[in-house]
Each structure stands twice: as structure tokens, then as C-alpha cells.
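One gets the numbering used here by counting positions in the sequence shown from 1 and adding 20 to each. For every residue, glycine included, the Cβ atom is placed at its ideal position computed from N, Cα and C.
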Amino acid sequence: MAIDVNNLSQIQLLRLMNATPLGNVLSQNQLRWQMNSAAYRIGDGKHINLVRYVSWLAKEYEKPKQTKQSVEESRLKDLIAKNAARKEAQDIGEIPAIENQERREQACKDFRFFCETYFADVFYLIWSDDHLKVISKIEQSVLHGGLFAFAMPRGSGKSALTRSAAIWAILIGARKYVCLIGSATRQSLNLFQSVQAAMLGNSLLLADFPEIIYPIQQLENSAHKQRGQRYEGRLTYPVWGTHKIVIPTIAGSCACGSVITVDSLDSNIRGQIHTTMDGKIIRPDLVLIDDPQTRESAKSVDQTNQRLSTLNGDVLGMAGPGKKISGLLTCTKIYCNDLADQILDVDKNPEWQGQCTKMVYAFPTDMRLWDKYEEIRADSLRSGNGGKEATEFYIQNRAALDLGSNVAWPQRHNEDEVSAIQHAMNLMLRDEAAFYAEYQNDPIAEQSDEQVLTMEQVMEKTNGRKRAEVPLSCQYLTMFIDVHDKLLFYVVCAWSDDFTGFVVDYGTYPDQRRASFTLRKAQIGLQDIYRGMEKEGAIQAGLEKLCSDLLNRDWNRGTGVMKIDRCLIDSGYLPGIVENIRHKLGGTIMASKGVGIKAANKPMSTYKRKPGERHGHHWYIPNINKTGEFTHVAIDTNYWKTFVHERFFVAAGDHGSMTIFGKSNHQHELFAQHVAGSESWVRTEGHGRVVYQWSPKVGGLDNHWLDCMVGCSVAASMCGCSLSGHNVKTFTKREKIKLSDIQKRTKE
Numbered sequence: 021m022a023i024d025v026n027n028l029s030q031i032q033l034l035r036l037m038n039a040t041p042l043g044n045v046l047s048q049n050q051l052r053w054q055m056n057s058a059a060y061r062i063g064d065g066k067h068i069n070l071v072r073y074v075s076w077l078a079k080e081y082e083k084p085k086q087t088k089q090s091v092e093e094s095r096l097k098d099l100i101a102k103n104a105a106r107k108e109a110q111d112i113g114e115i116p117a118i119e120n121q122e123r124r125e126q127a128c129k130d131f132r133f134f135c136e137t138y139f140a141d142v143f144y145l146i147w148s149d150d151h152l153k154v155i156s157k158i159e160q161s162v163l164h165g166g167l168f169a170f171a172m173p174r175g176s177g178k179s180a181l182t183r184s185a186a187i188w189a190i191l192i193g194a195r196k197y198v199c200l201i202g203s204a205t206r207q208s209l210n211l212f213q214s215v216q217a218a219m220l221g222n223s224l225l226l227a228d229f230p231e232i233i234y235p236i237q238q239l240e241n242s243a244h245k246q247r248g249q250r251y252e253g254r255l256t257y258p259v260w261g262t263h264k265i266v267i268p269t270i271a272g273s274c275a276c277g278s279v280i281t282v283d284s285l286d287s288n289i290r291g292q293i294h295t296t297m298d299g300k301i302i303r304p305d306l307v308l309i310d311d312p313q314t315r316e317s318a319k320s321v322d323q324t325n326q327r328l329s330t331l332n333g334d335v336l337g338m339a340g341p342g343k344k345i346s347g348l349l350t351c352t353k354i355y356c357n358d359l360a361d362q363i364l365d366v367d368k369n370p371e372w373q374g375q376c377t378k379m380v381y382a383f384p385t386d387m388r389l390w391d392k393y394e395e396i397r398a399d400s401l402r403s404g405n406g407g408k409e410a411t412e413f414y415i416q417n418r419a420a421l422d423l424g425s426n427v428a429w430p431q432r433h434n435e436d437e438v439s440a441i442q443h444a445m446n447l448m449l450r451d452e453a454a455f456y457a458e459y460q461n462d463p464i465a466e467q468s469d470e471q472v473l474t475m476e477q478v479m480e481k482t483n484g485r486k487r488a489e490v491p492l493s494c495q496y497l498t499m500f501i502d503v504h505d506k507l508l509f510y511v512v513c514a515w516s517d518d519f520t521g522f523v524v525d526y527g528t529y530p531d532q533r534r535a536s537f538t539l540r541k542a543q544i545g546l547q548d549i550y551r552g553m554e555k556e557g558a559i560q561a562g563l564e565k566l567c568s569d570l571l572n573r574d575w576n577r578g579t580g581v582m583k584i585d586r587c588l589i590d591s592g593y594l595p596g597i598v599e600n601i602r603h604k605l606g607g608t609i610m611a612s613k614g615v616g617i618k619a620a621n622k623p624m625s626t627y628k629r630k631p632g633e634r635h636g637h638h639w640y641i642p643n644i645n646k647t648g649e650f651t652h653v654a655i656d657t658n659y660w661k662t663f664v665h666e667r668f669f670v671a672a673g674d675h676g677s678m679t680i681f682g683k684s685n686h687q688h689e690l691f692a693q694h695v696a697g698s699e700s701w702v703r704t705e706g707h708g709r710v711v712y713q714w715s716p717k718v719g720g721l722d723n724h725w726l727d728c729m730v731g732c733s734v735a736a737s738m739c740g741c742s743l744s745g746h747n748v749k750t751f752t753k754r755e756k757i758k759l760s761d762i763q764k765r766t767k768e
């Protein structure tokens, strides 16, 4: 049967191809694959043209063969493809064009316009005159530099202005590194997160500052996307963290690589630096401080001084050596003489240019009518009407109630209130003390019968006597030595039985021969006198010399002389040396050790008395047998520092007073600084008693003569001095008995 080679079926082609001497060269599966690959080039899909089939096979055979890839080559090819796909996905694409160039240019020049335009939902009320003054100061600090502190009533938008100032400074390229600082970590993070939220969600900022905001929004608030973000194939190097923002690097952007960080005053804010991609190191050039104190820190003198020292030291030094930092500080006064009160005082801190605003600058003249308003409001609140009747009364008598008033922000009042003065009076009626502190920035001074000793009071307590002259009324002479590496500080006091005291001598060894000096800056030290000796040897030699001179000295007392009855030496530092001096120079000398007894601790008067111990008034001499310690007297320093200050409060001539030799007030200025200006106390209560807990003031002021005064007072107590009311042992006078009386009693 003849076949048509131009129209072969699949079976016919298979039989024809496999009928050659080569055997089976084509399978049915191979033929189907070939028909699918060649398509209609070799037939109509069902039948095959043999000539065209052979021609197609020849062409396929002549095609260059693909070499088989190794596993490594295949993996490398896949990796390259994936990297290319990832880079394409990381690229943020085309940055949108600026929507309104004119609006942007106006915002870059005018901070008020910037706030009103881009944060209209926050600053929706008409500005007060105080707001405009503050806005002007913010502009000046951001654009031209300088420090500015301002206090505004709570709820006036201080934090919102601070946040807006940080964003504005970065967007217009005025500052490269902005640091936000709050009173504590939580408050600082809240401020920082509000900055992040504005950058992520403000559509107007995206419209007018796309080269800055668009790359940030492409991060989608994810820190993972910051690693590989690209624009036009180049990395943008953004940082989007919980404490730091670095603006992406985009060609033509004035904010490339700008930094915003956050910190708090209760953390370590030193050493803030950022290294840019080109290797440059930048430091903060604008610091924005929002409410730098908490209610707890405002109560504490120590915390206030510490935060003030941090502001004026660490914060203002953040820009680095030889550079000035610009700063804005917003605050609200809480208590008198707190951090805000001191920063805003242009006499104490003129560099901050403090400005204090109020809610009410003049109160209404007819306060009797407001008293009636208060009664109506209180009755309405008690009945559950929310003060509705009081508001109606205000509307009816508004002219008389408003007369004489002057409010800073007329638009500030609640929806259920008619005017700003009504709002202010409602706040004052709620809590007058809080109103004057938080809304008037004029806190009411707390009433207290406690006194704080001043340097002036100490300097005024001179008695006109010569140095080293002991009054006739005194029975005891005591001395205390405060031991340090460079110097030995000493005080000698004369005492009457009733604790009336006289400072007859004080000084240092070696003598500095200057009216003003500090331990740290002492020009002549012990090792300068005793050259070649180690520190311990110089101290022992100095103690031996000082004690020998003063203990062997005759102190003039009227027509007679006195010797020092008791000398205490601070042994907390080198107890072995003090013991050596005591053995060498006699029992007049004794070591002392200060113990800070707090209100939560047991007072010394409740200590269980052990054999061999001697207990006195807030001091005791422990039994040192089998303890390895040296003989010493333990002193309740909190009690005795309070005791010393009380002695200076007592008027000269009264029982229990303390005076100083000499006539000139300024002669004792450094001594007064040690006694009254070096430490502060905090009143604490516990175990049914009040304890004034003492601590050094911030700044490391010398307090050594205060310690000496404490030691002299304890030594006087050991000698027998006591104030009326002290629990001391008294001895009744024995009756004289005659021998004849005894014999009479025996006969009877």
C-alpha cells in the first residue's frame, strides 16, 4: 500500500523511522514532544510532512548545545536574581513632586505659619499674645541660636510647640542634630513618639516636604525596612528606632542625615554623638527640654540642685568643646524655688532668658460676687447638675463679675463655660494652691516653722573675743580633727555646762594662709611638708605635730589657763593611725566614727547596752573586745549636725548659743560656708520621731569644719555638758553624817 510522505499519520511516521537498520530511533512520546515543539511547521497537527519534518530535525541538530550548569553556578544565578529582585523591591521609586512650593517657602520662614498650616488640628484656637511671644523666641533660637526658657499655664500647648519646633528645625535644614529631653524616661518617649507620629501620618508634610517625609513613610514604621532602603539604586541609610531618628539621605534634600534623639534628665545624657556616612561626627546643636522636673523632684532640694547642675553642665555642653548649643526649655512651676523657679529667675540664670506667663494677669475687682458664685456652684455640683446654675448666674451678672479682670487667652474655656475668666475662677475654686502653681506659675509658699541656717547668720555670730581666748564661764575645752590626704581640718571649742559654746580656734594643717581655698585646690599639702614620706606616713606625722601643739598648749582663761579636755579624731579613713597617735600622746585623744541614723533605723538610745559599753546622748563607745576594732566613739551624725545648726540659731547670750571669736563678719566666710552652705537636710519621720537627714549639696562643697563642729559637740557631751531636757544622769548631794549621830542611833 502506497503512503503519502507529505501527509503521514503518527503511526506511519513511527513505523517508517524505526524500519531502518538503526532499529528503534523514535518513540511515541518523543514524537509528541517534537510535534508540540515544531507545531505547524511540520504538519497540520494530526498529520506530518516528512520532508518538513526532516528539515526541522536538521535545524534542531545544528543549534548550539547548552552546557549543563553545576549546582554552585545554579545557586549563584538564583542568588543574583533574588538580590536584583530584592533591590528592586527596596527601592522607594519616584519621589512625589512638591505640591505647593509657595506654601513650603512660607513655612520655612515663619514658624507660626508652619504650626497653623501643618498642625491645624492641634493649634485650632486663636493665638494669645503670650503664644506669639513664645513663637518668636522659638524662631530666634532655631534660626539664630541662643537659650530660651518659658513657663506657660498647664494645657497651653507647650509640649505641642516643642514637638513642632523639633520637626520644623529639621525640615528647613536649620539644625542637623536635635535632642529632645524630658523629666523622666516615659515622658521623653511620649514626646519622641509624637514626633514620629507626625512624620508618619501628616499628609500635608508629605505633600510639601516629600524628599524628607516620603522615604520615612515608606518605612511603614518598621525598623527592619531601614536596612536596605534605596532611592535610584543607592542606599538612603535611615534610622527609625525607639530613641533615634536619622533622616534618609536623598540627593537635594537639606535634611540629609539629620538626627533626632530623645533622653531624660534622670539618665546619663553625656556623650551624644552621631557619625554620618561620610565619616563626620556631629553633636546636638539644638536641645528641646519639655517640663524638666517631676512633682517628686520639685519637692527635693537635692534633686532640684542635681537637675539644675545637669542642665547648666551636661546639657549645655552637649555641643562639644568650643561650640554653643541652642536650647528651648518649657516648664511649669510646682513649688517655690524648684527647678522651674530657678531657671526662670533672670538674676540666677540670665543665660536662659526666662519668661513666665500666667492664665490671669488681673483678677476681678468684685470678689464678693464671686463668693456668691462659688456657693451657687458648690450647691449645683453637690446636687449633680454640674454647675449649670452657676453658669446661669454668671451670664446674668457677667459685666460685674468680669470687671477688672485681664486674662491671657480669652479663647481658653470649656464648652460648658462662657468665658476664660469663668474657666480660670473654676480652676481656682477647685484647688487654689494647684491653680497658682500650675496656671499662674506663682506657687504659694508652703508655711513652715522650720528654719534653714544661712551663711550670713553664722558670720554674724561673732563675740568680739580674741582668737584662742577662753571665756571665764566655760568649764571644758574640746577639739576635733577631720583627716584627709592633703590637709587636717580642726576646730577647738570652749563649753559651759549648759552647752553654751564658743569657737575659740579653727584652721588647717598645713596652714593655707588664704581666706578662701578648697581641699582639692590646697596649695600646701602634708606631703609637701613631710617630703619623702608616703601618704599614710605624712598623715601620721601631721596628726602627731598638730595634736602635740594644741594639746600641750596653755589656753588663756581669764587670769588662768586651760588644757584641752577631749580630742576626737575622725577614724573612718585610717583608724590604725589614729590609734597610734592615741597610744603615743595619751588618753585625751579618742577616735570617732560617724553613723547616719535615719528615721527608719533604731535610735542609739534604744540600743541594748552590753557590758563594757558607755552610752551617752546620741553617742556610745562600743566594747571592742574580740572585735578587732580600735577604741572609738560612734556618733549619730544626723542628730549632731542638726544640734550644731540649732546652736547657731540661739541668740548670743542665751543658754545653749554658739558664737565665734573675732569681730569682722567676713573673717569667717569660709567657715560659714562649711557649716551652713555645704549640706542640706530633709525632714523624715519614723518610729514616732522626726529625723533631719543630712546630705551634701550638689557640687561637692567642702563640709569639713561642719564635721569638726559635730565632733567638738560630742566631745563636750562626753565631758558632761547637757541642755535642759537631755536625759543625763544626775547625782544627789550626800548628807554629812557625824560620828556622834551614828553612835546615838546605835544606842537607840
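Do you know how far the Cα of residue j is from the Cα of residue i?
{"i": "residue 675", "j": "residue 200", "result": "56 Å"}
{"i": "residue 94", "j": "residue 85", "result": "18 Å"}
{"i": "residue 26", "j": "residue 64", "result": "11 Å"}
{"i": "residue 398", "j": "residue 442", "result": "14 Å"}
{"i": "residue 438", "j": "residue 354", "result": "28 Å"}
{"i": "residue 742", "j": "residue 734", "result": "10 Å"}
{"i": "residue 345", "j": "residue 140", "result": "30 Å"}
{"i": "residue 332", "j": "residue 307", "result": "12 Å"}
{"i": "residue 242", "j": "residue 174", "result": "34 Å"}
{"i": "residue 433", "j": "residue 421", "result": "16 Å"}
{"i": "residue 38", "j": "residue 90", "result": "36 Å"}
{"i": "residue 203", "j": "residue 629", "result": "48 Å"}
{"i": "residue 418", "j": "residue 122", "result": "45 Å"}
Among the options, which one has its Cα closest to the Cα of residue i?
{"i": "residue 381", "options": "163, 172, 522, 551", "result": "172"}
{"i": "residue 658", "options": "369, 592, 617, 681", "result": "617"}
{"i": "residue 46", "options": "355, 65, 25, 73", "result": "73"}
{"i": "residue 66", "options": "91, 29, 545", "result": "29"}
{"i": "residue 413", "options": "401, 431, 390", "result": "390"}
{"i": "residue 103", "options": "518, 253, 164", "result": "253"}
{"i": "residue 619", "options": "190, 409, 703", "result": "703"}
{"i": "residue 154", "options": "351, 137, 281, 202", "result": "351"}
{"i": "residue 297", "options": "267, 453, 257, 671", "result": "257"}
Assuming residue i and residue j form a contact by the criterion Cβ under 8 Å, report the distance between their Cβ atoms to the nearest whole angstrom.
{"i": "residue 197", "j": "residue 303", "result": "6 Å"}
{"i": "residue 301", "j": "residue 279", "result": "With a Cβ gap of about 11 Å, residue 301 and residue 279 do not count as contacting."}
{"i": "residue 226", "j": "residue 237", "result": "6 Å"}
{"i": "residue 240", "j": "residue 270", "result": "Wrong, their Cβ atoms sit about 18 Å apart, outside the cutoff."}
{"i": "residue 794", "j": "residue 311", "result": "For residue 794 there is no data in the structure shown, the boundaries of the chain being 21 and 768."}
{"i": "residue 131", "j": "residue 158", "result": "6 Å"}
So, for residue i: in the same chain, excluding its five sequence neighbours on each side, which residues have a beta-carbon less than 7 Å away from its beta-carbon?
{"i": "residue 76", "result": "58, 61, 62"}
{"i": "residue 745", "result": "Because residue 745 sits at a pLDDT of 46, beneath the cut-off of 50, its placement in the model cannot be relied upon, and the point is left open."}
{"i": "residue 615", "result": "654, 655, 656, 657"}
{"i": "residue 148", "result": "428, 429"}
{"i": "residue 486", "result": "681"}
Are there 16 or more other CB atoms within 10 angstroms of the CB of residue i, so buried, or fewer, so exposed?
{"i": "residue 541", "result": "exposed"}
{"i": "residue 681", "result": "buried"}
{"i": "residue 356", "result": "exposed"}
{"i": "residue 569", "result": "exposed"}
{"i": "residue 69", "result": "buried"}
{"i": "residue 305", "result": "buried"}
{"i": "residue 215", "result": "buried"}
{"i": "residue 101", "result": "exposed"}
{"i": "residue 647", "result": "exposed"}
{"i": "residue 393", "result": "buried"}
{"i": "residue 146", "result": "exposed"}
{"i": "residue 697", "result": "buried"}
{"i": "residue 668", "result": "buried"}
Suppose the cutoff is 8 Å on Cβ atoms and the five residues either side in sequence are ignored; what does the same chain contact list for residue i look like?
{"i": "residue 23", "result": "32, 36"}
{"i": "residue 511", "result": "499, 500, 523, 525, 526, 725, 728, 729, 731, 732"}
{"i": "residue 426", "result": "380, 381, 382"}
{"i": "residue 585", "result": "496, 497, 498, 608, 735, 739"}
Can you give me the Cβ contacts of residue i inside the same chain, cut-off strictly under 6 Å, excluding the 5 residues immediately before and after it?
{"i": "residue 349", "result": "169, 309"}
{"i": "residue 519", "result": "676, 741, 743"}
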